[in-house]
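In what follows, a structure is listed as C-alpha coordinates, so that the remarks can point back to it.
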Amino acid sequence: MENEEITRERALYFGNVVGLILYGFHLIMYFQSVTFFLAKESIHSKIQRFFVMYGAILLVFLTVLVATNLLFGEEAWIEHRAEMDPAIFIAENTTVWWYNALGLTAGVAMNFMGDGLLLYRCYIIWGSRLWVMAVPLLVYFASIAMAVVYLVDSALPGHNPLARTYSQFAVAWIALSVTLNVILTTLISVRLLVMRSLIRSILPARVGAKYTSIVSIFVESALPLSLLGIGVIVTYAVKSPVELAISFIWGVLCATSPQLIIFRVAIGSGWSKDIFSQVTQAAGSGVLFDTPPSSDAAVTQPGPLMFYPSAKDRPSKADQSVDSELQDV
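In this note's numbering, the protein residues as written are 158 to 486.
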(Lines of atoms letter the chains of each structure in order from A; the text may use other names.)
(Lines give C-alpha, C1' and ligand atoms only; values in the text may rest on other atoms or scores of the structure.)
Protein backbone atom coordinates (compact mmCIF):
# COMPACT_ATOMS: atom_id res chain seq x y z
CA MET A 158 0.00 0.00 0.00
CA GLU A 159 2.86 2.37 0.90
CA ASN A 160 4.58 1.77 -2.43
CA GLU A 161 1.33 2.47 -4.26
CA GLU A 162 0.89 5.77 -2.41
CA ILE A 163 4.45 6.84 -3.21
CA THR A 164 3.92 5.85 -6.85
CA ARG A 165 0.78 7.97 -6.97
CA GLU A 166 2.69 11.00 -5.67
CA ARG A 167 5.47 10.40 -8.17
CA ALA A 168 2.88 10.07 -10.93
CA LEU A 169 1.41 13.48 -10.10
CA TYR A 170 4.88 15.04 -9.94
CA PHE A 171 6.05 13.40 -13.17
CA GLY A 172 2.85 14.31 -14.99
CA ASN A 173 3.19 17.97 -13.97
CA VAL A 174 6.88 18.13 -14.97
CA VAL A 175 6.33 16.58 -18.41
CA GLY A 176 3.22 18.71 -18.85
CA LEU A 177 5.25 21.88 -18.21
CA ILE A 178 7.92 20.80 -20.71
CA LEU A 179 5.28 20.17 -23.37
CA TYR A 180 3.63 23.47 -22.48
CA GLY A 181 6.88 25.33 -23.18
CA PHE A 182 7.26 23.43 -26.46
CA HIS A 183 3.67 24.36 -27.34
CA LEU A 184 4.31 28.07 -26.66
CA ILE A 185 7.33 28.10 -28.96
CA MET A 186 5.44 26.35 -31.76
CA TYR A 187 2.43 28.67 -31.50
CA PHE A 188 4.36 31.94 -31.64
CA GLN A 189 6.62 30.68 -34.42
CA SER A 190 3.53 29.60 -36.37
CA VAL A 191 2.03 33.08 -35.96
CA THR A 192 5.31 34.62 -37.13
CA PHE A 193 5.40 32.45 -40.26
CA PHE A 194 1.74 33.13 -41.06
CA LEU A 195 2.17 36.90 -40.67
CA ALA A 196 5.25 36.84 -42.91
CA LYS A 197 3.25 35.30 -45.77
CA GLU A 198 1.28 37.22 -48.36
CA SER A 199 -1.27 34.70 -49.53
CA ILE A 200 -4.79 34.50 -50.92
CA HIS A 201 -5.36 31.91 -48.17
CA SER A 202 -5.33 34.61 -45.48
CA LYS A 203 -8.68 33.41 -44.09
CA ILE A 204 -7.25 29.95 -43.46
CA GLN A 205 -4.19 31.48 -41.86
CA ARG A 206 -6.32 33.67 -39.58
CA PHE A 207 -8.35 30.62 -38.63
CA PHE A 208 -5.23 28.68 -37.63
CA VAL A 209 -3.94 31.65 -35.60
CA MET A 210 -7.24 31.98 -33.70
CA TYR A 211 -7.58 28.22 -33.33
CA GLY A 212 -4.09 28.02 -31.87
CA ALA A 213 -4.79 30.93 -29.51
CA ILE A 214 -7.92 29.27 -28.11
CA LEU A 215 -6.05 25.99 -27.78
CA LEU A 216 -3.27 27.76 -25.89
CA VAL A 217 -5.76 29.34 -23.47
CA PHE A 218 -7.33 25.96 -22.70
CA LEU A 219 -3.91 24.36 -22.28
CA THR A 220 -2.81 27.12 -19.90
CA VAL A 221 -5.90 26.53 -17.77
CA LEU A 222 -5.27 22.77 -17.69
CA VAL A 223 -1.59 23.06 -16.74
CA ALA A 224 -2.31 25.72 -14.10
CA THR A 225 -5.03 23.66 -12.41
CA ASN A 226 -2.81 20.56 -12.37
CA LEU A 227 -0.05 22.57 -10.70
CA LEU A 228 -2.52 24.02 -8.21
CA PHE A 229 -3.66 20.51 -7.35
CA GLY A 230 -0.05 19.56 -6.61
CA GLU A 231 0.32 22.61 -4.36
CA GLU A 232 -2.85 21.66 -2.46
CA ALA A 233 -1.55 18.12 -1.91
CA TRP A 234 2.08 18.87 -0.99
CA ILE A 235 1.86 22.27 0.73
CA GLU A 236 -1.56 23.57 1.71
CA HIS A 237 -2.96 20.35 3.20
CA ARG A 238 0.23 18.54 4.19
CA ALA A 239 -0.40 19.09 7.92
CA GLU A 240 -3.90 17.66 7.67
CA MET A 241 -3.17 14.44 5.80
CA ASP A 242 -0.51 12.59 3.88
CA PRO A 243 -0.18 13.97 0.31
CA ALA A 244 -0.68 10.50 -1.17
CA ILE A 245 -3.97 10.11 0.70
CA PHE A 246 -5.04 13.59 -0.40
CA ILE A 247 -4.28 12.73 -4.02
CA ALA A 248 -6.12 9.41 -3.84
CA GLU A 249 -9.17 10.40 -1.80
CA ASN A 250 -9.54 14.16 -1.75
CA THR A 251 -9.65 15.13 -5.40
CA THR A 252 -12.94 16.93 -4.85
CA VAL A 253 -14.31 18.90 -7.76
CA TRP A 254 -13.45 22.38 -6.60
CA TRP A 255 -14.09 25.18 -9.04
CA TYR A 256 -10.56 25.10 -10.47
CA ASN A 257 -10.67 21.32 -10.91
CA ALA A 258 -13.94 21.58 -12.81
CA LEU A 259 -12.43 24.37 -14.92
CA GLY A 260 -9.36 22.29 -15.74
CA LEU A 261 -11.47 19.26 -16.60
CA THR A 262 -13.65 21.35 -18.92
CA ALA A 263 -10.56 22.81 -20.60
CA GLY A 264 -9.17 19.32 -21.16
CA VAL A 265 -12.40 18.11 -22.75
CA ALA A 266 -12.57 21.21 -24.97
CA MET A 267 -8.98 20.65 -26.16
CA ASN A 268 -9.86 17.06 -26.97
CA PHE A 269 -12.82 18.17 -29.10
CA MET A 270 -10.71 20.74 -30.94
CA GLY A 271 -7.82 18.36 -31.52
CA ASP A 272 -10.03 15.55 -32.80
CA GLY A 273 -11.88 18.04 -35.01
CA LEU A 274 -8.65 19.23 -36.63
CA LEU A 275 -7.50 15.65 -37.12
CA LEU A 276 -10.81 14.87 -38.85
CA TYR A 277 -10.27 17.84 -41.16
CA ARG A 278 -6.71 16.79 -41.98
CA CYS A 279 -7.89 13.27 -42.76
CA TYR A 280 -10.57 14.75 -45.04
CA ILE A 281 -7.93 16.81 -46.89
CA ILE A 282 -5.40 13.98 -47.19
CA TRP A 283 -8.07 11.63 -48.53
CA GLY A 284 -8.98 14.07 -51.28
CA SER A 285 -12.22 15.39 -49.71
CA ARG A 286 -13.93 11.99 -49.85
CA LEU A 287 -16.92 12.18 -47.52
CA TRP A 288 -17.54 8.43 -47.47
CA VAL A 289 -14.15 7.91 -45.81
CA MET A 290 -15.23 10.19 -42.96
CA ALA A 291 -18.55 8.46 -42.16
CA VAL A 292 -17.35 6.16 -39.36
CA PRO A 293 -14.89 8.66 -37.82
CA LEU A 294 -17.63 11.30 -37.65
CA LEU A 295 -19.99 8.91 -35.86
CA VAL A 296 -17.30 8.05 -33.30
CA TYR A 297 -16.47 11.75 -32.89
CA PHE A 298 -20.06 12.74 -32.07
CA ALA A 299 -20.39 9.76 -29.73
CA SER A 300 -17.26 10.85 -27.84
CA ILE A 301 -18.64 14.38 -27.54
CA ALA A 302 -21.90 13.09 -26.09
CA MET A 303 -20.11 10.87 -23.58
CA ALA A 304 -17.75 13.66 -22.54
CA VAL A 305 -20.67 16.02 -21.89
CA VAL A 306 -22.35 13.37 -19.73
CA TYR A 307 -19.08 12.90 -17.83
CA LEU A 308 -18.68 16.64 -17.23
CA VAL A 309 -22.22 16.97 -15.90
CA ASP A 310 -21.88 13.88 -13.70
CA SER A 311 -18.48 14.86 -12.26
CA ALA A 312 -19.63 18.42 -11.52
CA LEU A 313 -22.41 17.26 -9.19
CA PRO A 314 -21.80 18.07 -5.49
CA GLY A 315 -19.67 15.47 -3.73
CA HIS A 316 -18.60 13.69 -6.88
CA ASN A 317 -14.95 12.90 -7.46
CA PRO A 318 -13.92 12.69 -11.15
CA LEU A 319 -11.00 10.36 -10.31
CA ALA A 320 -13.00 7.95 -8.13
CA ARG A 321 -13.60 4.70 -9.97
CA THR A 322 -17.33 4.73 -9.18
CA TYR A 323 -17.70 7.99 -11.08
CA SER A 324 -15.12 7.46 -13.82
CA GLN A 325 -17.03 5.03 -16.03
CA PHE A 326 -18.21 7.90 -18.22
CA ALA A 327 -14.64 9.19 -18.41
CA VAL A 328 -13.38 5.79 -19.54
CA ALA A 329 -16.12 5.60 -22.17
CA TRP A 330 -15.24 9.08 -23.42
CA ILE A 331 -11.49 8.41 -23.53
CA ALA A 332 -12.06 5.01 -25.15
CA LEU A 333 -14.16 6.60 -27.90
CA SER A 334 -11.61 9.37 -28.38
CA VAL A 335 -8.75 6.87 -28.55
CA THR A 336 -10.74 4.74 -31.00
CA LEU A 337 -11.23 7.81 -33.17
CA ASN A 338 -7.52 8.64 -32.97
CA VAL A 339 -6.55 5.10 -33.93
CA ILE A 340 -8.97 5.11 -36.89
CA LEU A 341 -7.74 8.49 -38.13
CA THR A 342 -4.09 7.59 -37.52
CA THR A 343 -4.54 4.44 -39.60
CA LEU A 344 -6.38 6.25 -42.41
CA ILE A 345 -3.86 9.09 -42.57
CA SER A 346 -0.80 6.82 -42.29
CA VAL A 347 -2.01 4.46 -45.02
CA ARG A 348 -2.88 7.36 -47.30
CA LEU A 349 0.48 9.07 -46.79
CA LEU A 350 2.36 5.83 -47.37
CA VAL A 351 0.51 5.41 -50.68
CA MET A 352 1.19 9.05 -51.57
CA ARG A 353 4.82 8.53 -50.59
CA SER A 354 5.29 5.92 -53.29
CA LEU A 355 3.41 8.12 -55.77
CA ILE A 356 5.43 11.24 -55.02
CA ARG A 357 8.73 9.36 -55.18
CA SER A 358 7.88 8.35 -58.73
CA ILE A 359 7.27 11.93 -59.92
CA LEU A 360 9.28 14.21 -57.63
CA PRO A 361 12.92 14.59 -56.62
CA ALA A 362 13.51 13.04 -53.22
CA ARG A 363 14.61 16.36 -51.71
CA VAL A 364 11.30 18.03 -52.53
CA GLY A 365 8.94 15.16 -51.80
CA ALA A 366 10.54 14.27 -48.48
CA LYS A 367 8.94 17.15 -46.58
CA TYR A 368 5.47 15.83 -47.43
CA THR A 369 6.03 12.08 -47.15
CA SER A 370 8.85 11.60 -44.65
CA ILE A 371 8.47 9.47 -41.53
CA VAL A 372 8.27 12.68 -39.48
CA SER A 373 5.44 13.94 -41.69
CA ILE A 374 3.47 10.72 -41.24
CA PHE A 375 4.27 10.74 -37.51
CA VAL A 376 2.92 14.29 -37.07
CA GLU A 377 0.00 14.31 -39.52
CA SER A 378 -1.43 11.09 -38.09
CA ALA A 379 -1.05 12.26 -34.44
CA LEU A 380 0.52 8.90 -33.63
CA PRO A 381 1.85 9.91 -30.16
CA LEU A 382 -1.65 10.96 -29.08
CA SER A 383 -3.10 7.61 -30.15
CA LEU A 384 -0.39 5.59 -28.39
CA LEU A 385 -0.66 7.57 -25.17
CA GLY A 386 -4.45 7.30 -25.25
CA ILE A 387 -4.11 3.53 -25.39
CA GLY A 388 -1.77 3.83 -22.41
CA VAL A 389 -4.46 5.68 -20.43
CA ILE A 390 -6.96 2.88 -21.05
CA VAL A 391 -4.44 0.15 -20.18
CA THR A 392 -3.29 1.77 -16.93
CA TYR A 393 -6.90 2.25 -15.88
CA ALA A 394 -7.74 -1.37 -16.68
CA VAL A 395 -4.88 -2.69 -14.50
CA LYS A 396 -5.69 -0.14 -11.75
CA SER A 397 -2.22 1.35 -11.86
CA PRO A 398 -1.50 4.60 -9.96
CA VAL A 399 0.63 5.61 -12.96
CA GLU A 400 -2.69 6.40 -14.64
CA LEU A 401 -2.55 9.88 -13.11
CA ALA A 402 0.69 10.78 -14.93
CA ILE A 403 -0.37 9.22 -18.23
CA SER A 404 -3.74 10.98 -18.20
CA PHE A 405 -2.11 14.36 -17.44
CA ILE A 406 0.36 13.99 -20.31
CA TRP A 407 -2.38 12.75 -22.65
CA GLY A 408 -4.44 15.84 -21.82
CA VAL A 409 -1.54 18.14 -22.73
CA LEU A 410 -0.91 16.22 -25.97
CA CYS A 411 -4.53 16.86 -26.95
CA ALA A 412 -3.36 20.44 -27.53
CA THR A 413 0.26 19.89 -28.58
CA SER A 414 -0.49 17.41 -31.38
CA PRO A 415 -2.82 19.72 -33.37
CA GLN A 416 -0.48 22.67 -32.79
CA LEU A 417 2.36 20.63 -34.28
CA ILE A 418 0.23 20.06 -37.39
CA ILE A 419 -0.48 23.81 -37.61
CA PHE A 420 3.25 24.51 -37.29
CA ARG A 421 4.00 22.25 -40.26
CA VAL A 422 1.33 24.06 -42.29
CA ALA A 423 2.87 27.40 -41.31
CA ILE A 424 6.35 26.43 -42.53
CA GLY A 425 4.94 25.01 -45.77
CA SER A 426 5.47 21.32 -45.03
CA GLY A 427 1.85 20.36 -44.35
CA TRP A 428 -0.56 18.82 -46.82
CA SER A 429 -3.16 21.09 -48.41
CA LYS A 430 -5.84 20.76 -51.07
CA ASP A 431 -3.52 22.44 -53.57
CA ILE A 432 -0.65 20.03 -52.98
CA PHE A 433 -2.93 16.99 -53.07
CA SER A 434 -4.55 18.18 -56.32
CA GLN A 435 -1.19 18.76 -57.99
CA VAL A 436 0.18 15.35 -57.03
CA THR A 437 -2.90 13.39 -58.10
CA GLN A 438 -3.23 15.26 -61.40
CA ALA A 439 0.44 14.74 -62.20
CA ALA A 440 0.42 11.01 -61.45
CA GLY A 441 0.30 8.75 -64.45
CA SER A 442 0.94 11.52 -66.99
CA GLY A 443 3.96 13.06 -68.60
CA VAL A 444 5.12 15.50 -65.97
CA LEU A 445 7.79 18.17 -65.98
CA PHE A 446 8.78 19.18 -62.47
CA ASP A 447 9.73 22.84 -62.44
CA THR A 448 12.48 23.70 -59.94
CA PRO A 449 13.77 27.14 -59.11
CA PRO A 450 17.08 28.28 -60.59
CA SER A 451 20.16 26.78 -59.00
CA SER A 452 21.18 28.90 -56.05
CA ASP A 453 21.93 28.55 -52.39
CA ALA A 454 18.51 29.95 -51.49
CA ALA A 455 16.78 27.51 -53.78
CA VAL A 456 18.61 24.59 -52.21
CA THR A 457 17.89 25.53 -48.62
CA GLN A 458 14.33 26.73 -49.15
CA PRO A 459 12.66 24.90 -52.04
CA GLY A 460 9.75 26.75 -53.58
CA PRO A 461 6.20 25.50 -53.98
CA LEU A 462 5.44 22.50 -56.10
CA MET A 463 4.51 23.17 -59.75
CA PHE A 464 3.70 20.53 -62.34
CA TYR A 465 3.35 20.93 -66.10
CA PRO A 466 2.26 18.28 -68.63
CA SER A 467 5.05 19.10 -71.03
CA ALA A 468 7.78 21.63 -71.72
CA LYS A 469 5.74 23.50 -74.32
CA ASP A 470 3.03 24.13 -71.74
CA ARG A 471 5.44 25.79 -69.33
CA PRO A 472 3.88 29.15 -68.32
CA SER A 473 5.64 32.45 -68.50
CA LYS A 474 7.53 33.94 -65.57
CA ALA A 475 4.53 36.11 -64.70
CA ASP A 476 2.20 33.08 -64.72
CA GLN A 477 4.64 31.15 -62.54
CA SER A 478 4.60 33.90 -59.92
CA VAL A 479 0.78 33.74 -59.84
CA ASP A 480 0.88 29.95 -59.52
CA SER A 481 3.38 30.31 -56.70
CA GLU A 482 0.99 32.46 -54.70
CA LEU A 483 -1.79 29.93 -55.13
CA GLN A 484 0.26 27.25 -53.41
CA ASP A 485 0.61 29.06 -50.08
CA VAL A 486 -1.38 27.53 -47.26
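For glycine and all other residues, C-beta sits at the position ideal for the given N, C-alpha and C.
Should residue i be labelled buried (16 or more other beta-carbon atoms within 10 Å of its own) or exposed?
i, result
"N268", "buried"
"F207", "exposed"
"Y280", "buried"
"V351", "exposed"
"V372", "exposed"
"W288", "exposed"
"Q205", "buried"
"Y277", "exposed"
"V422", "buried"
"V395", "exposed"
"L294", "exposed"
"V389", "buried"
Any idea what DSSP makes of residue i, helix, strand or coil?
i, result
"K203", "helix"
"I214", "helix"
"G284", "coil"
"S334", "helix"
"S190", "helix"
"S397", "coil"
"T448", "Note that T448 scores a pLDDT of 44, beneath 50, so its modelled location is shaky and nothing firm can be said."
"Q325", "helix"
If we call anything under 8 angstroms between Cβ atoms a contact, is residue i one with residue j?
i, j, result
"S397", "N338", "no"
"L401", "L169", "yes"
"L275", "A379", "yes"
"V265", "A213", "no"
"I282", "E377", "yes"
"A263", "F218", "yes"
"A296", "T342", "Checking the sequence shown, residue 296 turns out to be Val, not Ala. Not a contact, by the Cβ cut-off of 8 angstroms."
"L184", "L410", "no"
"F209", "F193", "Contrary to the premise, residue 209 reads as Val rather than Phe in this sequence. No, the Cβ-Cβ distance between V209 and F193 is not below 8 angstroms."
"G425", "W407", "no"
"W330", "S311", "no"
"N173", "N226", "yes"
"L417", "M186", "yes"
Residue i and residue j look like a contact to me (Cβ under 8 angstroms); what is the Cβ gap, rounded to whole Å?
i, j, result
"S190", "F420", "5 angstroms"
"L177", "V221", "14 angstroms between Cβ atoms; not a contact."
"M270", "P381", "That belief does not hold up - the Cβ atoms of M270 and P381 are roughly 17 angstroms apart, past 8 angstroms."
"S346", "I374", "6 angstroms"
Which two residues bound the contiguous alpha helix (DSSP H) that contains residue i?
i, result
"G408", "400–423"
"M303", "291–311"
"V376", "371–377"
"V391", "380–394"
Mind checking whether the beta-carbon of residue i lies closer than 7 angstroms to any heavy atom of the ligand ADP?
i, result
"T343", "The ligand ADP is not part of this structure, which contains no ligands at all."
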